[in-house]
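Chemist: Protein chains in written order, with this note's numbering: chain A, 182 to 382; chain B, 182 to 382. Cβ coordinates follow ideal geometry from the N, Cα and C atoms, glycine included. Since this is a predicted model, take the numbers as computed values, not measurements. Take a look at this one; I'll ask things after.
There are 2 protein chains.
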Amino acid sequence: MSDKTTCDHIVEAADQLFYRQGYEHTSFSDIADAVQISRGNFYYHFKTKAEILDAVIDLRIGNTRKMLERWEGEAKHPEDRIKRYIHILLTNWSKIKYFGCPVGTLCTELAKLNHTSQEEASKIFTLFRTWLRQQFILLGHKKDADALAMHVLAWSQGVATLASTFHDKKFVSKEVKQMCEWLKSYTENATQTEYSTNQNK
Amino acid sequence: MSDKTTCDHIVEAADQLFYRQGYEHTSFSDIADAVQISRGNFYYHFKTKAEILDAVIDLRIGNTRKMLERWEGEAKHPEDRIKRYIHILLTNWSKIKYFGCPVGTLCTELAKLNHTSQEEASKIFTLFRTWLRQQFILLGHKKDADALAMHVLAWSQGVATLASTFHDKKFVSKEVKQMCEWLKSYTENATQTEYSTNQNK
DNA sequence: TTTGTTGTAGGACGGTCATCCTACACCTGC
DNA sequence: GCAGGTGTAGGATGACCGTCCTACAACAAA
């Protein structure tokens with residue numbers, strides 16, 4: 182906390198505001214108020230709003246990477262790891278209820294703005310995709326791993342979207358349960374022994 | 182075409198622009214340019230931007246209702262009707278590729294803006310939900326009908342979101358195929374005879 | 001012809017936005 | 001003490017936004 186720079190604080194505040202209000206609907210003043218900093222002083226840290234966005238995306242990529250690594254430490258079995266992903270829908274329910282999935286909603290917004298950082302934002306999705314794929318490979322689904330990863334991604338995305346529209350936790354719980362059952366059917370005939378903790382490179 | 186009022190043209194142009202650029206990112210000038218009308222003259226037709234949004238939502242509700250009725254005429258078997266819904270992902274691919282699902286993205290945006298018309302927009306979702314539920318009831322899944330409807334809704338939403346992020350048509354085709362297969366498993370043991378064309382009321 | 005309604009054109013308004021500039025406080029090294 | 005880098009404060013700028021107003025064209029009814 183003490184060693185965080187003003188720059189870090191700006192990016193963290195922007196991260197939250199972009200999630201809750203959207204990128205475009207968040208002004209410099211909003212961020213300035215959140216960080217308790219002079220509005221005009223932003224130029225010293227970030228030349229443009231797009232630069233803040235890129236920093237926010239980088240932050241999210243970093244945080245996601247850390248989270249995935251943590252999950253790998255906490256759960257050795259790939260099924261349990263994938264379950265961690267699925268369960269974000271419940272653990273982050275209080276936010277998802279109002280603002281949906283931070284990744285999906287950002288990508289959607291940037292697509293409509295035809296923003297330069299669209300591809301950069303999609304990298305957060307790709308991070309999850311690659312990680313999920315790796316888990317499915319470990320489960321023995323080498324050929325279908327990417328399709329399975331995309332399927333999990335899409336499923337959770339859809340649930341998040343409907344969750345924020347209807348604010349219905351029972352629906353989310355039901356879908357999470359279904360996803361876990363579906364996952365189980367892809368786990369049962371997998372060899373239990375040879376899971377490697379090593380990722381790609 | 183000839184009997185359309187200026188008002189209709191405004192709403193139709195706004196409908197398209199809200200879909201492609203988002204509600205907030207679309208200005209009065211944008212709509213005015215599209216309709217070839219004086220910018221300041223909007224006040225005569227719509228007192229506020231929110232009023233245009235409500236008109237757009239009403240238009241979408243009307244169009245959706247018409248489409249569902251058309252589907253009912255074209256397909257007598259509930260499975261085929263639900264398939265029509267699933268296949269929008271492919272028939273509207275050229276738009277979904279860039280802008281996602283018009284319903285989901287609007288609801289998501291309005292949620293972040295904390296806009297008054299959030300509930301109104303969610304009615305478009307509810308329209309699909311109710312219709313899908315009815316089809317599942319006709320398929321003999323009286324008890325689970327709503328959950329199944331929500332599942333189809335969520336699944337297609339997620340696919341649309343990832344489709345607009347990765348622009349990958351193969352993925353969409355694959356998921357559509359899977360959805361149809363999944364649907365089939367809920368159709369096979371349904372009684373083939375007694376499908377009623379009558380809806381609720 | 002006059003009156004009134006309906007619709008349009010174009011610009012004025014107050015506000016907000018991203019951006020940019022300048023003045024100033026703080027600190028470190030000389 | 002002084003110079004120079006680092007960070008901050010606060011306001012200026014110009015563009016754009018939603019909103020609103022007024023003048024005017026077109027047409028129908030009186």
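If you measure from the beta carbon of Lys304(A) to each beta carbon in chain B, is any gap under 8 Å?
Modeler: no
Chemist: Is the beta carbon of Gly243(B) within less than 7 Å of some heavy atom of the ligand GTP?
Modeler: The ligand content of the structure shown is nil, which means the ligand GTP is not present either.
Chemist: Report the rounded CA-to-CA distance for Ile263(A) versus Gly221(A), giving the unit in angstroms.
Modeler: 44 Å
Chemist: Leaving out the 5 sequence neighbours to the left and right, which residues in its chain are closer than 6 Å to Arg241(B) when beta-carbon positions are compared?
Modeler: Ile305
Chemist: Could you compute how far the alpha carbon of Lys185(A) sits from the alpha carbon of Cys288(B)?
Modeler: Those two C-alpha atoms are separated by around 36 Å.
Chemist: Given a cut-off of 8 Å on the beta-carbon distance, is the pair Val340(B) and Leu270(B) in contact?
Modeler: The Cβ-Cβ distance between Val340(B) and Leu270(B) falls below 8 Å.
Chemist: Can you check whether the CB of Gln338(A) is closer than 8 Å to the CB of Lys293(B)?
Modeler: no
Chemist: In terms of residue numbering, what span does the alpha helix (DSSP H) encompassing Ala302(B) cover?
Modeler: Gln299 to Leu319
Chemist: List the residues of chain B whose Cβ lies closer than 8 Å to the Cβ of Phe223(A), in chain order.
Modeler: Those within 8 Å of Phe223(A) in chain B number zero; the least Cβ separation is about 21 Å.
Chemist: Identify the contact partners of Tyr279(A) in chain B, using a Cβ-Cβ distance below 8 Å as the criterion.
Modeler: Ala292
Chemist: Mind reading off the beta-carbon distance from His226(B) to Val357(B)? Whole number of angstroms is fine, and I expect it under 8 Å.
Modeler: No, His226(B) and Val357(B) are not in contact; Cβ-Cβ is about 40 Å, not under 8 Å.
Chemist: So, at 7 Å on beta carbons, what are the nonlocal neighbours of Lys228(B) in its own chain, with the 5 sequence-adjacent residues on each side left out?
Modeler: none
Chemist: Suppose you measure from the CA of Thr245(A) to the CA of Glu193(A); what does that come to, to the nearest Å?
Modeler: Answer to the nearest angstrom: the Cα atoms are 14 Å apart.
Chemist: Between Ile233(A) and chain B, is any beta-carbon pair separated by less than 8 Å?
Modeler: No, Ile233(A) does not count as interfacial toward chain B.
Chemist: Classify Cys188(A) as helix, strand or coil using the three-state DSSP reduction.
Modeler: helix
Chemist: Name the residue from Val353(A), Thr286(A), Lys278(A) and Trp274(A) whose alpha carbon lies nearest to the alpha carbon of Gly281(B).
Modeler: Thr286(A)
Chemist: Three-state secondary structure (DSSP) at Asn295(A)?
Modeler: coil
Chemist: In this structure, does DSSP put Tyr279(A) in helix, strand or coil?
Modeler: helix
Chemist: Candidates Leu234(B), Tyr224(B), Glu369(B) and Val333(B): which alpha carbon is nearest Thr200(B)'s?
Modeler: A small fix is needed here, since residue 200(B) is Tyr in this sequence, not Thr. The candidate whose alpha carbon is nearest that of Tyr200(B) is Leu234(B).
Chemist: Determine, using beta carbons only, whether His296(A) comes closer than 8 Å to chain B.
Modeler: no
Chemist: Could you check which residue in Ile191(B), Lys365(B) and Val353(B) has the C-alpha nearest to that of Asn387(B)?
Modeler: Because chain B here runs from 182 to 382, residue 387(B) falls outside it and cannot be looked at.
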